[in-house]
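To keep things clear, I will list the structure first and then write my remarks on it.
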Amino acid sequence: MRGLNSTYAKTKPISRLTKGYLIAVIGTVIWSFTAVFIRYLTETYHLPPLVLAFWRDLVVCGALSLVFVTFKPALLRVDRRHLKFLFFYGFLLSIFNSLWTVSVALNGAAVATVLAYSSVAFTAVLAWRFFQESLDRVKLLAVALSILGCAFVSGAYNPAAWQVNSLGIITGLLSGIAFAGYSLMGKASSQRAINPWTTLLYTFSFGTVFLLVYNIFPVWLPGIHSTPDLLWLGQAWAGWGVLILLGIGPTIGGYGLYTVSLTYLPASVANLVATLEPSMTAVLAYLFLGERLTSPQLFGSALVITGVIILRLNESRSG
């Protein structure tokens, strides 16, 4: 009996880790549609990035609130001592959403998505510093492969790319830093035992308020020069439909499952798993937007995928 109990205790953490990976991968698959939707809206309707980000967050708030009120009102409640934390979390989300939406408009869906995952290095180091997460050689190798992959996909390894689209690359890298902060805040939220779906509702609610302020009182953001019209789409009902689908589909599904995965995985690991998104986005961008990746970009995507596989195999052996 003691042997059975020890075997169960030994396998339980592995099953929890596997569950975290599955949630993160499924969330990443759903998330990969996000950039395609954004690229379509900014190209077809010339929807200003900040207006898009505002409505996207507002749709998420409305959809989650309706579901919670109807099926599980308890998820609407949060301890008052967590409100300050969630307020700052929402502010960080608004910065990330703004920068990343602008990056998609400047760089295209595939490249913008990869640049956002320059966050893996920042996440790994900061998670090691503040959450005592491991930072062994295998994780460092996975981080290095992801960063190198980002460089190949974005073309940042070529000095000419900085001359042609330096604003786009800088914006994309800033979105990566913001995403690292978002990942770490998600881990902190799980440590505070806040329900991940409640966290999603409150962070997007606060984020919506901040994005409204950004639209009414323009702040400096790359590519933003004037106050846009919040009702930009007017009577373009198809555009509104795509915007709503963006909110209730890849946004809630992607962000929601990513936040849930942080209750099972270290922030650095969840962030590394999410770097699978660029390759998925690249395929979707090719199918729906006609964007084509060059050979260096395909090689970069392969490096990112390799990094995640190496990390998972190492954890399986160590488990």
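Residue numbers for the sequence shown follow my numbering, beginning at 78 and rising by one. Note that CB positions come from ideal geometry on N, CA and C, so glycine has one too. Note that this is a predicted model, so its numbers are computed, not measured.
For the pair Thr111 and Asn235, the Cα-to-Cα distance works out to about 27 Å. Taking one beta carbon from each stretch, the segment 338-357 and the segment 148-160 have fewer than 3 pairs nearer than 8 Å; the two do not touch. Leu277 is not a Cβ neighbour of Thr200, given a cutoff of 8 Å.
Between Leu310 and Tyr122 the beta-carbon gap is near 6 Å, inside 8 Å, which marks them as a contact. Going by beta carbons, Thr105 and Met357 fall inside the 8 Å limit.
Under the three-state reduction of DSSP, Tyr363 is assigned to helix.
Taking a 10 Å sphere around the C-beta of Arg214, we find fewer than 16 other C-beta atoms and assign the residue as exposed. For Glu210, the three-state secondary structure derived from DSSP is coil.
The three-state reading of DSSP puts Thr371 in coil, since its state is none of H, G, I, E or B. When secondary structure is reduced to three states using DSSP, His159 falls in the helix class. The Cβ-Cβ distance between Ala204 and Ala379 does not fall below 8 Å. Taking the CA atoms as reference points, Arg133 sits about 31 Å from Phe208. Taking one beta carbon from each stretch, the segment 238-258 and the segment 169-184 have 3 or more pairs nearer than 8 Å; the two touch.
The beta carbon of Val136 is closer than 8 Å to those of Leu320, Ile321, Leu323, Gly324, Ile325, Thr328 in its chain, skipping five residues each way along the sequence. One alpha carbon belongs to Ser243, the other to Ala198, and they sit about 21 Å apart.
Under the 10 Å beta carbon count, Lys161 is surrounded by fewer than 16 other beta carbons and is classified as exposed.
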